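For reference, the structure discussed in these notes is given below.
Protein chains: 2
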Amino acid sequence: MSQTVDRALSILPLLAQGPADLGQVAERLGVHKSTALRLLRTLHEHGLVYRQEDQRYRLGARLFALAQEAVENLDVREIAHPHLVALNDRCGHTVHLAVYEEQEVLYIDKVESRYPVRMYSRIGKPVAITVAAVAKLLLADLTEPERRTIAEKLDYPMYTSRSTPDAAAFLKELTVVREQGWATDLGGHEESINCIGAPIRGADGRVVAAMSVSAPNVVVTAEELLTLLPLVRRTAETISREYSGTNRPKKV
Amino acid sequence: MSQTVDRALSILPLLAQGPADLGQVAERLGVHKSTALRLLRTLHEHGLVYRQEDQRYRLGARLFALAQEAVENLDVREIAHPHLVALNDRCGHTVHLAVYEEQEVLYIDKVESRYPVRMYSRIGKPVAITVAAVAKLLLADLTEPERRTIAEKLDYPMYTSRSTPDAAAFLKELTVVREQGWATDLGGHEESINCIGAPIRGADGRVVAAMSVSAPNVVVTAEELLTLLPLVRRTAETISREYSGTNRPKKV
DNA sequence: AATGGGTGTTGCATATGTTGCAACGAACTT
DNA sequence: AAGTTCGTTGCAACATATGCAACACCCATT
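Respectively, the protein sequence lines represent chains A and B. Numbered per the numbering used here, the first sequence spans residues 377 to 628. Numbered per the numbering used here, the second sequence spans residues 377 to 628.
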């Protein structure tokens with residue numbers, strides 16, 4: 377592992393919290409100011425860091441562009457997108473697509489609700505991993521020891537009274553999800569919002585992504601939302617088939 | 377400038393084009409495989425790079441999370457957001473917010489159209505700088521020599537027959553925009569889409585961001601869209617006032 | 001005006017960290 | 001079983017990043 381690069385990259389999350397000046401960066405990195413300056417300069421040349429008028433540094437434009445290009449190159453997303461739009465056309469609610477990566481679950485696509493009341497979420501935002509339907513689906517597919525390890529490492533914030541309280545409850549929920557092949561989040565993240573989700577599988581049957589439909593109580597009740605389950609599962613299966621088809625060749 | 381960091385960061389745009397294996401990365405960087413390996417490992421530890429099952433590398437999750445945090449900390453965006461939503465409530469069309477940074481114009485916020493026909497765009501995506509209304513507004517505020525330098529450096533792709541053809545036309549357009557205090561893009565990027573935009577100014581009167589309303593021909597004609605101009609300008613001015621107010625202290 | 005604290009910046013010698021090499025191991029082909 | 005191709009490791013030689021100290025600059029204070 378490279379020390380210099382390591383230090384340079386440590387600057388990024390630091391600046392994500394808000395702009396900082398040279399001194400602050402140097403201090404928080406534990407290096408001399410001149411060192412921090414050179415690292416920042418290099419980051420700047422690559423556009424990852426921007427220098428605002430007051431000379432303080434903050435994250436730069438290219439970061440967005442990179443994240444952008446990256447997400448557009450995900451083939452699951454590309455295949456799934458039209459189906460998500462079609463689903464949104466039929467039911468009107470917010471549709472999400474998420475993947476699991478390095479201990480995190482994150483949205484990689486979203487089709488906004490057509491109803492005026494919308495939920496807050498954004499592509500790239502890490503998902504509330506202990507309660508979200510898509511998170512349950514993605515984690516449920518891991519091996520038993522993997523699930524165990526992760527479940528123990530997680531925090532279990534009580535967003536609402538119906539949030540998953542601890543590792544034991546979470547593991548149990550994952551088993552249920554694994555067996556039934558779909559998942560819900562009934563007010564576990566925000567009191568008034570319910571979600572139902574289904575897994576998208578690759579050719580080998582492993583879950584490569586998960587999709588969900590979310591709607592606030594004020595638009596449809598949880599029971600009404602559940603009537604959409606067959607539709608959601610069918611959509612997920614259609615995407616799975618298409619993805620497995622195009623992705624058939626094992627070596628690329 | 378740091379050579380090691382420079383090399384490591386050069387990997388990112390390379391991977392943005394698509395996944396690559398160790399050998400390809402090493403070759404395109406012009407370094408030994410072992411060197412590339414160590415750089416990739418460091419990037420990996422910071423989550424900027426992800427290793428998929430076939431061992432190839434691609435851009436990683438934390439990149440999204442970083443871009444995410446960064447965009448949420450932009451104070452213009454925070455102040456503007458509710459106003460953009462309110463504007464969308466009144467007219468129903470897509471509303472964009474953009475800033476200029478390091479020779480690029482990029483969207484930092486977006487409220488989706490409530491109409492079924494939507495335009496394609498995404499937060500973080502660089503804007504078609506020669507035609508977009510927001511780009512004209514942001515560039516029009518630069519000094520004359522700056523505008524000239526940039527205008528000459530740009531390419532002028534003819535997205536449609538109404539795209540800005542060359543630097544001369546662009547500079548002329550910028551002068552117009554500068555004087556009238558608002559801008560349009562009538563089918564200059566996509567034949568069927570029109571936009572109108574207005575600038576958001578800081579306490580010193582300089583343009584810090586630009587907003588626009590976009591709608592396809594099939595929903596409203598260009599003339600109808602133009603009737604929204606007063607509303608758009610009022611919204612921009614409201615945001616400007618609020619931004620100048622909270623941002624008053626010159627030194628932070 | 002002059003002083004002082006606060007920035008960001010530069011040149012330089014030291015030694016630390018990075019580099020490429022060559023050799024190994026694993027997975028897959030022939 | 002021999003032969004590819006790819007990722008990985010240890011090591012010695014060198015290049016490179018590092019901290020220091022001094023400088024330049026801006027602003028506030030006296």
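We put the CB at the ideal spot given by N, CA and C, even for glycine. The model shown is predicted, which means the values in this text are computed figures rather than measured ones.
Annotation for residue 538(B): no beta strand (DSSP E) segment contains it, and DSSP assigns it neither H nor E.
Nearest to residue 400(A) by C-alpha distance, out of 432(A), 539(A) and 534(A), is 432(A). Contact between the stretch 423-432 of chain A and the stretch 558-570 of chain A is not established, with fewer than three Cβ pairs separated by less than 8 Å. Note: residue 559(B) is bridge-paired with 573(B) in the DSSP secondary-structure output.
With respect to the 8 Å criterion, residue 377(B) and residue 421(A) are classified as neighbours on the basis of their beta carbons.
In chain B, no part has a C-beta under 8 Å from the C-beta of residue 528(A); the shortest such distance is about 21 Å. When 525(B), 513(B) and 532(B) are compared, the shortest CA-CA separation from residue 506(B) is found for 532(B). Nothing from the stretch 508-535 of chain B brings a Cβ to less than 7 Å from some Cβ of chain A.
Setting aside the 5 residues that flank it on each side, residue 439(B) is surrounded in the same chain by 424, each with a C-beta closer than 6 Å to its C-beta; the list follows chain order.
Taking C-beta atoms under 8 Å as the contact rule, residue 594(B) and residue 568(B) qualify, at a distance of about 7 Å. Annotated three-state conformation of residue 526(A) is helix, per DSSP. For residue 377(B), a Cβ of chain A is located within less than 8 Å of the residue's own Cβ. No Cβ of chain A is located within less than 8 Å of the beta carbon of residue 454(B). For residue 519(A), there is no enclosing alpha helix (DSSP H), since its DSSP letter is neither H nor E. It is roughly 12 Å from the alpha-carbon of residue 381(A) to the alpha-carbon of residue 411(A).
Between residue 538(A) and residue 514(B), the alpha-carbon positions lie close to 47 Å from each other.
Counting only Cβ-Cβ distances below 7 Å, residue 567(B) has no contacts in chain A at all, with the closest Cβ about 22 Å away.
Secondary structure of residue 619(B) (DSSP, three-state): helix.
The CB of residue 423(B) comes closer than 7 Å to the CB of 478 in chain A, given here in chain order.
Pairing residue 450(B) with residue 587(B) gives a Cβ-Cβ distance that is not under 8 Å. Residue 387(A) holds the alpha-carbon nearest to the alpha-carbon of residue 416(A) among 387(A), 585(A) and 444(A). Under the three-state reduction of DSSP output, residue 473(B) falls in the strand class. Going by beta carbons, residue 503(B) and residue 483(B) fall inside the 8 Å limit. Spatial neighbours of residue 559(A) in its own chain (CB-CB distance under 6 Å, excluding positions within 5 residues in sequence) are listed in chain order as 509, 512, 513, 553 and 573. Taking the C-beta atoms as reference points, residue 516(A) is found no nearer than 8 Å to residue 546(A). Rounded to whole angstroms, residue 534(B) and residue 541(B) show a C-alpha spacing of 7 Å. In the three-state scheme derived from DSSP, where H, G and I count as helix and E and B as strand, residue 460(A) is classed as helix.
Across the set 529(A), 536(A), 570(A) and 523(A), the C-alpha of 523(A) shows the shortest separation from the C-alpha of residue 549(A). Note on geometry: alpha-carbon atoms of residue 571(B) and residue 464(B) lie some 14 Å from one another. With its beta carbon at least 8 Å from every one in chain B, residue 402(A) lies outside the interface.
Around residue 592(A), no beta-carbon contact reaches into chain B at under 9 Å, the shortest distance being about 16 Å.
Beta-bridge partners assigned by DSSP to residue 377(A): none are found. Selection 597(B), 488(B) and 395(B) evaluated against residue 435(B) yields 395(B) as nearest (Cα-Cα).
In the displayed model, residue 450(B) falls within coil according to three-state DSSP, outside both helix and strand.
When DSSP reads this structure, residue 502(A) sits in a beta bridge with 482(A).
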